[in-house]
Amino acid sequence: MNIAAKLSHFRDAGKLDAAPISIHDIECHGIRRQCAGNLNYCYFEDGAQLSSPVIASSRCSFIGAYSYMNDGGYMRENVFIGRYCSIGRRVTIGAGMHSTTGLSSSPAIRNGTARPYNEEERKFLLGEREVRSRFTVVDNDVWVGDGAIIMPGVYVGVGAVVGANAVVTKDIPPYGIAVGAPARVIKLRFPSDVINGLLRSEWWELTPDCLQQLPTGNVFEFVESVMDCDHLERQSFDTYILTNP
Numbered sequence: 001m002n003i004a005a006k007l008s009h010f011r012d013a014g015k016l017d018a019a020p021i022s023i024h025d026i027e028c029h030g031i032r033r034q035c036a037g038n039l040n041y042c043y044f045e046d047g048a049q050l051s052s053p054v055i056a057s058s059r060c061s062f063i064g065a066y067s068y069m070n071d072g073g074y075m076r077e078n079v080f081i082g083r084y085c086s087i088g089r090r091v092t093i094g095a096g097m098h099s100t101t102g103l104s105s106s107p108a109i110r111n112g113t114a115r116p117y118n119e120e121e122r123k124f125l126l127g128e129r130e131v132r133s134r135f136t137v138v139d140n141d142v143w144v145g146d147g148a149i150i151m152p153g154v155y156v157g158v159g160a161v162v163g164a165n166a167v168v169t170k171d172i173p174p175y176g177i178a179v180g181a182p183a184r185v186i187k188l189r190f191p192s193d194v195i196n197g198l199l200r201s202e203w204w205e206l207t208p209d210c211l212q213q214l215p216t217g218n219v220f221e222f223v224e225s226v227m228d229c230d231h232l233e234r235q236s237f238d239t240y241i242l243t244n245p
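Residues 1 to 245 in full-length UniProt numbering are what the sequence shown spells out, letter by letter.
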C-alpha cells in the first residue's frame, strides 16, 4: 500500500494493518531505541524517529519512513505525518483546543445541564467560522521549523516549509513556504512545472538506493531524470506497531 492509500484508509477507518514488533527489534528497522517509548500510540514505518511524545488515549497517529520529530514538542491524536519530513524542536502538531462558547474555557467546567445552542446562537458565537475536520496531515517531505504550531484539521502539502514559530491555522499548498502567526504563504519553493513534475514522480515511493542514484541535488535535472525512467524501483514500506517486550 502506498502512502496516499495509507492516508486515505487511515482517515476513513482510523486504523491500519500493521505488523507488531518489540522494543528489542526496533533498531533493526532503523529506529533509535531511545525513541521507542514515544511510538506507543503510533503506527510507523522504517526509519521513523519520534523524540516528542504523542498525547493520545489510543493508537491513532502515523509517522512515515525516514521522518523525524525532535524533542520539546508534542503530537496529538489524529495526526498523519508522511515520509521524509524534518520536524524541529518544540513543535506542536494538532494543538489542543478549548471551547470558547460555554461559561468557561476550563475543562473543569463541562456542559452540565445545558441545552444545545440553536442556529441563531451558534451563528452569533461562531460567526462564519468553518467547522474543520480534526484530522491533521503533514504530507511527505515537509520541513517544520523550531517552535511552530500546527492547529487541528490543517493540511500541510508535500514539500512545504513551515517557518520557525509559525502558527499554522490554514492549509498550506504543496511546496509552499509559510511564515508568521497566523502563518501565510510567502512563496513557492519551485516553479509550477517543477512542482507538478515532483508530485507526478511520487519520489517518496522510491527505494532509498534508487534515490541515491538520482540527481537529488538539482530539482530540474531530477524531474527530467525521473520522467525518462519508466522502471524505477519502488518500495512498499511495511507499517508497524510497537508491542510490549
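Yeah, the Cβ is synthetic: ideal placement off N, Cα and C, and Gly gets one too.
Every value quoted in this text rests on a predicted model; they were computed, and no experiment measured them.
| Under three-state DSSP, which class holds Ile-63? | strand
| Residue nearest to Lys-6 in terms of C-alpha spacing, selected from Asn-40, Cys-35, Gly-82 and Asn-70 | Gly-82
| request: Decide yes or no for the touch test of the segment 41-53 against the segment 63-82: beta carbon pairs closer than 8 Å, at least 3 of them. | output: yes
| said: Buried or exposed for Asp-228, going by 16 or more other Cβ atoms inside 10 Å? | reply: exposed
| said: Once DSSP output is grouped into helix, strand and coil, what is the label at Val-194? | reply: Note: Val-194 maps to helix in three-state DSSP.
| query | How many angstroms separate the CA atom of Pro-245 from the CA atom of Pro-174? | reply | Low confidence applies here, because Pro-245 scores a pLDDT of 49, under 50, leaving its location unreliable; read the following figure in that light. Computed Cα separation, rounded: 40 Å.
| By DSSP, does Phe-10 sit in helix, in strand, or in coil? | helix
| In three-state DSSP terms, what is Gly-37? | helix
| message | Is it the case that the segment 1-19 contacts the segment 196-205, given that we only count it when at least three CB pairs across the two stretches are under 8 Å? | response | yes
| field | Status (buried if at least 16 other CB within 10 Å, exposed otherwise) for Phe-124 | value | In summary, Phe-124 is exposed, with fewer than 16 beta-carbon neighbours lying within 10 Å of its beta-carbon over all protein chains present.
| task | Drop a sphere of 10 angstroms on the beta-carbon of Leu-126, count the other beta-carbons inside from all chains shown, and report buried for 16 or more, exposed for fewer. | result | exposed
| message | Helix, strand or coil, according to DSSP, for residue 247 in the structure here? | response | Here the chain has residues from 1 to 245 only, and residue 247 is not among them.
| field | Whole-angstrom distance between Arg-184 and Ile-177, CA atom to CA atom | value | Whole-angstrom Cα-Cα distance: 8 Å.
| request: May I have the straight-line CA-CA distance separating Asp-25 from Asp-238, to the nearest angstrom? | output: 15 Å
| Meets three-Cβ-pair contact criterion under 8 Å: the segment 131-149 and the segment 69-86 | yes
| request: Return yes when the Cβ of Thr-136 is within less than 7 Å of the Cβ of Val-161, no when it is not. | output: no
| query | Which partner residues does Leu-50 have in the DSSP bridge list? | reply | Beta-bridge annotation (DSSP): Leu-50 is paired with Met-69.
| Which residue comes first and which comes last in the beta strand (DSSP E) that contains Pro-215? | For Pro-215, there is no enclosing beta strand (DSSP E), as DSSP marks it with neither H nor E.
| query | From the DSSP output, which residues share a beta bridge with Arg-234? | reply | Answer is Leu-206.
| query | With DSSP run on the structure shown, which of helix, strand or coil describes Asn-4? | reply | The sequence as given places Ala at residue 4; Asn does not occur at that position. Helix.
| request: Flag this pair as yes or no: are the beta carbons of Ile-23 and Thr-92 separated by less than 7 Å? | output: no
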